[in-house]
Ligand SMILES: [Zn+2]
């Protein structure tokens, strides 16, 4: 019997397997329960692919989308519907990055403890970090032009605005041909990578501050042209003698082109990478588009142009806004979210930029606004910004304006990009002003 | 009378769910803990049934009814002499207190009262027994000694009263009934509340029968009943029209449980069933194979007079009977070979029916039995390798089986194809959270075969993950209990039968739960006692009788004779002999 007794423990092996597998499942449930619930064939959550219950509100509690008796409806206001279309998603599911699809588990009120149970089947409430007022203002300010506006809180990481145009009213969707190339379903704030132009000079500047000794005291000079690699980098006019802060304020291509050649493509690429301009940024599981920086040959014209945001450089508005936020937050890069954050402290920061570098750039951007864009154009705002007029061929330019508010009460960073809009400061600047005025109100 | 209008009635019904969804897992948790503590705590006192006095003055106590004498350290009586074989002889006691000795093919032979023995030979207390020339004296415990020992033995139900646990179970089952009644609202099928009431009455009926038999161990039944209640909850939402049929099967299953349990009381009688059971098992499978119609891919259903059932479920019981063996037979290769043949035939038939889930269950059970009988990894490994190869050939010949394996672990890549059931199981299970949406308020049961193959999902969806884990825990506790009981079982027949029974349940449970969750390949077997289906319910209750027969705690199990009458008779005989 002793032998049989010992051998009976073979069963214990199977018991151990069962215990192990149960533990494995519980862990998987804790990690992926929300994704499983959001599966569109889940009959507890969806009827014929449509969410059964729940609503979406903005950071001030304004209802953006709600499901009652199995039917989802957007805001009653057409402007709100149109401005927030790309953030929320359309009915047909063509805008896959929309909150209706990406945050289904939260709209249903899922949490791992209660599942999607709610007393009368009313579902949950997704409190987004978006500010509908800011979004409406951004949409109105874009005024029919194609482009994007991204506004974030660089302390909490909350996205306040990610408006993309062209847009449409989701309650009355237009006929859109399957071969349409306008990209109306794309959220340009996240998914479009644009030639950045001069806003990219901030990256070259940071690289120069950290790699070229005594750059701040160096005497710089611009004749209006800079000959390099058999070609020429040009400025609209000869900027003459200046220090680095004036070169930035004047947005001098010659100086920054020369700095790029001095630094080398690999160094600039390293900084673009470090500042998160090239990666596919993840916002609550939504991936942004990747940026681009091709390393041009040593001493080449392309290298000079790549240092001033031309050549093959590409950046998304959201990544540019985050980089501006990093400067405003003394070099600490925050992880972005579209969900309203609680009051808790201790954010998820990553040290992307040296604090001293951030401090120096902050001063220069302040100087830039005061000398070039004019404080009077941004009344009441502690603005730090850089414009960009990115040539995209056939004589047209993307108008960029990106920066942040050095205001602890309103720690907002932003990027505005208007496709083929013309001069950065003149075209995108006023849009930024309107949006920021709405944000600080 | 505003509160009577439809809207607030619905609200009130919703509030019933809101409260009871916390009550149910709490009750189930307490029930499971009470049963577990009662079944698994308490030291098992060694029972001394006699001893062997050695020539050097030492003695070996006989702690079981079946003892191996040999030179091997793993023997129950170790005789460390060169002339003694490693496994020399078996000393066995029957429930009348009669002992016999049998030589297990030793080189040097066994003598009783100085005469060489052939076959089982009766011995009495005080007889001299010679193992390979080593002369010993056999002494059996007297009735008085055995009675003193019985007083020391663990007795269930003193610290944790089964009656209190039964009350909790009653509350649990009735609460489930209330939840389902509330969820159905105006569409209530009257069988739903009737079923939960009837089931509760049946639970109490069984409890009273056990009390009437003066047995106090009822934890095994309570755990089983908890699972049965959850099973009826699944049936109530997925197929309320089948509740009556399911109730009948439950009653029939309980009858089977008591009959098998009673039958197992007599070891000699139980042993006699082995041959007929083997024939019946293979017969059932062959009839099935030849006549059954294929339902949903697997050809494992048989329909007689309008009642369809799965013969393979009942073959499990035949399998246990055939696989279990008393110790004296364990060491005869011929017996093991016969069992290997039977097992191979069973697995082969099931594979031919395309019922790979059940084939896997039989296969694992076969491994456990083969290991418990032979103790040899080589034997087990050889037969496993052979069967594994066979299974592989069969599988490659059947593309749909291969397809299932291809989907395994990738359910979310093909949620509308190979991962259809698994993704829905996970989605439904997650919807329920820890406490569930409430009995009768889920959706998953509408998916095909949800109440059998994906039942874990339905349980988690409606009753919550805690309840799902508790159903798994209930099976595990029964298994641990069986393993512990096997150690002190009076015959290896009971030890092997109990271990094999829980292996069947464990393997089914593992394949069912983790197959539906895409952690293992999805094979479509039932969760014992929880999945809907009469055959499975009946067969599992039958299997539980084998666990009950291994429960040697004092006055615990109806499947073990209390033996008072016999003791009295034996006591008189011993007194007469003393005079
Ligand atoms: Zn210049």
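Residue numbers (the numbering used here), protein chains in the order written: chain Z, 702 to 1142; chain S, 486 to 1064. The beta carbon of each residue, even a glycine, is placed where N, CA and C say it ideally should be.
In the same chain as residue 823 of chain Z, and ignoring 5 residues on each side of it, the C-beta atoms closer than 7 Å to its own belong to 754, in chain order. When 9 Å is used as the limit between beta carbons, residue 908 of chain S is near these residues of chain Z: 737, 740, 742 and 743, in chain order. Between residue 703 of chain Z and chain S, the shortest Cβ-Cβ separation is below 7 Å. When C-alpha distances from residue 843 of chain Z are compared across Z/1141, Z/1131, Z/1138 and Z/1139, the shortest belongs to Z/1131. Within the segment 714-726 of chain Z, the residues whose Cβ lies closer than 8 Å to some Cβ of chain S are 715, 716, 718, 719, 720, 722, 723, 725 and 726, listed in chain order. Distance between residue 739 of chain Z and residue 812 of chain Z, taken at the CA atoms: about 12 Å. Of the candidates Z/1040, Z/930, Z/806 and Z/955, Z/955 places its Cα closest to the Cα of residue 938 of chain Z.
In the same chain as residue 757 of chain Z, and ignoring 5 residues on each side of it, the C-beta atoms closer than 7 Å to its own belong to 765, 766, 789, 800, 808, 827 and 829, in chain order. Within the segment 883-960 of chain S, no beta strand (DSSP E) run of at least 3 residues lies entirely inside it. Listed in chain order, the alpha helix (DSSP H) elements of length 4 or more contained wholly in the segment 990-1039 of chain S are 1019-1033.
Within the same chain, Cβ atoms closer than 8 Å to the Cβ of residue 975 of chain Z are found at 1053 and 1054, the five residues on either side in sequence being excluded.
Between residue 856 of chain S and residue 832 of chain S the beta-carbon gap is near 16 Å, outside 8 Å, which marks them as no contact. In the three-state scheme derived from DSSP, where H, G and I count as helix and E and B as strand, residue 1021 of chain Z is classed as helix.
About 7 Å separates the Cβ atoms of residue 1115 of chain Z and residue 1137 of chain Z, confirming a contact at the 8 Å cut-off. Residue-level contact check: residue 918 of chain S touches chain Z, since one or more beta carbons of chain Z fall below 7 Å from its beta carbon. Remark: C-beta atoms of residue 961 of chain S and residue 716 of chain Z approach each other more closely than 7 Å.
Of all C-beta pairs linking the segment 996-1007 of chain S to the segment 693-709 of chain S, fewer than three are shorter than 8 Å, placing the two stretches out of contact.
Only buried fits residue 940 of chain Z, as 16 or more other CB atoms lie within 10 angstroms of its CB. Annotation: the segment 743-810 of chain Z contains the following complete segments of the alpha helix (DSSP H) (minimum length 4 residues), in chain order: 779-784, 786-789, 800-803 and 805-808. Of the residues S/650, S/690 and S/1040, the one whose Cα lies closest to the Cα of residue 522 of chain S is S/650. Ordered by chain, the residues meeting the criterion of a beta-carbon within less than 7 Å of a non-hydrogen atom of ligand 1 are Z/923, Z/925, Z/936, Z/939, Z/940, Z/951, Z/953, Z/954, Z/955 and Z/956. In the pairwise beta carbon analysis, the segment 875-893 of chain Z is classified as not touching the segment 1072-1085 of chain Z: fewer than three pairs are separated by under 8 Å. By the beta-carbon neighbour count (other beta carbons within 10 angstroms, threshold 16), residue 887 of chain S is exposed.
The beta-carbon of residue 807 of chain Z is placed no less than 7 Å from the nearest beta-carbon of chain S. A Cβ-Cβ separation of about 17 Å leaves residue 987 of chain S out of contact with residue 843 of chain S under the 8 Å criterion. In the structure shown, residue 984 of chain Z adopts extended strand secondary structure according to DSSP, grouped into three states. Between the segment 981-997 of chain S and the segment 547-564 of chain S, the count of Cβ pairs shorter than 8 Å is below three; the stretches do not touch. The Cβ atoms of residue 1118 of chain Z and residue 895 of chain Z lie closer than 7 Å to each other. Counting along the chain, the unbroken beta strand (DSSP E) around residue 1118 of chain Z starts and ends at 1113-1119. Its chain contains 1002 as the residues whose beta carbon lies nearer than 7 Å to that of residue 931 of chain Z, once the 5 sequence neighbours on both sides are disregarded; these appear in chain order. Excluding sequence positions up to five before and after residue 748 of chain Z, its CB lies within less than 7 Å of the CB of 771, all in the same chain and listed in chain order.
Any Cβ of chain S closer than 7 Å to the Cβ of residue 814 of chain Z would place that residue at the interface, and such an atom is present.
One alpha carbon belongs to residue 1085 of chain Z, the other to residue 768 of chain Z, and they sit about 41 Å apart. Within the segment 766-785 of chain Z, not one residue has a Cβ closer than 7 Å to any Cβ of chain S.
Among the residues of the segment 573-584 of chain S, none has a Cβ less than 8 Å away from any Cβ of chain Z.
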